[in-house]
Ligand code: R7I
Ligand code: MG
Ligand code: MG
Ligand code: MG
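Numbering (my numbering), first residue to last: 641 to 1014.
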């Protein structure tokens, strides 16, 4: 894996943090204009810079851009994997619960809080049970699993073992989300990051080839789940036509091949076809689109911006669940382009960047030690 550099580990984790912080400024706004995103981001950073100049203190914790539940949970995933050097579900459940208890106002999803409260019980027998009881036993299909999963592909990168990555992703997700749609969304996100990390840094991507390889990985997973899932878990009312496809993630990946190159693609079309909401199926595809489209069809409004910036700004411009779509897109983009594409000012004024950097270093070092041992 001589292609792999520390910068790309940092790019993925720091990228996810800054995109969450910036995306959070627009979360829930239905129509976001790219021009406004650019303006607000510049304005916020300028304001933070001014406050710092006047007060002489670094404003990140007080006045800067703050991370939300997406990052709060991703930090727990990273910290647990690093400390335990494996997935320790009890430890991770405890961290999720403790994080939520100490900072409940990070913007958590409406129903996941029930799970996080149940996980506070130190004597809890089965840490996977509270999540499995959500929504009358069908489990949440929210994007809360996919939004926090970026540490998983970094943890398994040097093992180069896709089965290990799948099982790790499954467990991390099922602590709060057991609906197959939530789990599959997290799988798609990790496959995208893993796939990208195995390419050379900044390599120009072959969009169709990349999407085909994601489809090849998702197809058996979606088909298997159709054969054996509890009927209850499938009781999801399709919101968009492609949601009703028997293998909906694959259907959306096929559509992304077209959307990646489509001239004058507008946000409302993306919303109507792929989605931009809090469901995993209605947001992970939008994140993938953001990454591939900005790699090949740069928006003329974004002249002077590098691929990483464009990915984040475009993801936010899709509206809806902006912090989450941006964080998922950025975790992929950062893994390809490296931390050097993340603007200094974004890194400086977003909360949680220093920790993300430390986590990236630890994941990378762990891989170096493994390589030497082999
Ligand atoms: O998925 P989750 O952790 O939320 C993540 C989102 C991200 O955008 C974060 O940035 C944050 O803002 O929230 O939280 P959940 O509560 O599990 O799921 C989110 C929402 O999806 C729920 O509150 C429901 O509205 C909806 N939802 C469902 N609705 C009906 N039936 C999830 N699963 C179901 C379902 O089975
Ligand atoms: Mg959030
Ligand atoms: Mg929210
Ligand atoms: Mg969100």
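From the three backbone atoms N, C-alpha and C, an ideal C-beta is built for every residue, glycine too. This one's a predicted model, so the numbers in the text were calculated from it and none came from an experiment.
Straight-line measurement puts the Cα of residue 696 at about 46 Å from the Cα of residue 767. Nearest Cα to residue 776 within the set 788, 876, 718: 876.
Contact between the region 647-665 and the region 959-970 is present: three or more C-beta pairs spanning the two stretches fall below 8 Å.
Taking 8 Å as the cut-off, one finds no heavy atom of ligand 2 near enough to the beta carbon of residue 970. Burial check for residue 990: the Cβ neighbour count within 10 Å reaches 16 or more, so the residue is buried. Pairing residue 771 with residue 779 gives a Cβ-Cβ distance under 9 Å. Per DSSP, residue 825 has no beta-bridge partner at all. In this structure, residue 982 places its C-beta atom within 9 Å of the C-beta atom of residue 654.
For residue 822, the shortest C-beta to heavy atom distance toward ligand 1 is below 8 Å. By the Cβ-count criterion, residue 670 is exposed, with fewer than 16 other Cβ atoms from all chains shown falling within 10 Å of its own Cβ. Ordered by chain, the residues meeting the criterion of a beta-carbon within less than 5 Å of a non-hydrogen atom of ligand 4 are 961, 963, 964.
Rounded to the nearest whole angstrom, the C-alpha separation of residue 725 and residue 711 is 20 Å. When secondary structure is reduced to three states using DSSP, residue 759 falls in the coil class, being assigned neither helix nor strand.
Between ligand 1 and the CB of residue 748, the shortest heavy atom gap is smaller than 8 Å. Sequence-distant partners of residue 708 (beyond 5 residues in either direction) whose C-beta falls short of 6 Å from its own C-beta, in its chain, are 660, 664, 746, 747, 963.
Residue side-chain check: residue 667 places its Cβ nearer than 8 Å to a non-hydrogen atom of ligand 2. Residue 897 and residue 936 do not touch by the CB rule: their CB atoms are close to 11 Å apart, not below 8 Å.
Out of 789, 675, 730, the CA that lies nearest to the CA of residue 920 is found in 789. Under the 10 Å beta carbon count, residue 716 is surrounded by 16 or more other beta carbons and is classified as buried. Taking the Cα of residue 689 as reference, the smallest distance to any Cα among 825, 1002, 985 is reached at 985. Residue 705 has 990 as its beta-bridge partners, per DSSP.
Within 8 Å of the C-beta of residue 660 there is at least one heavy atom belonging to ligand 2.
Secondary structure at residue 919: strand, using DSSP grouped into helix, strand and coil.
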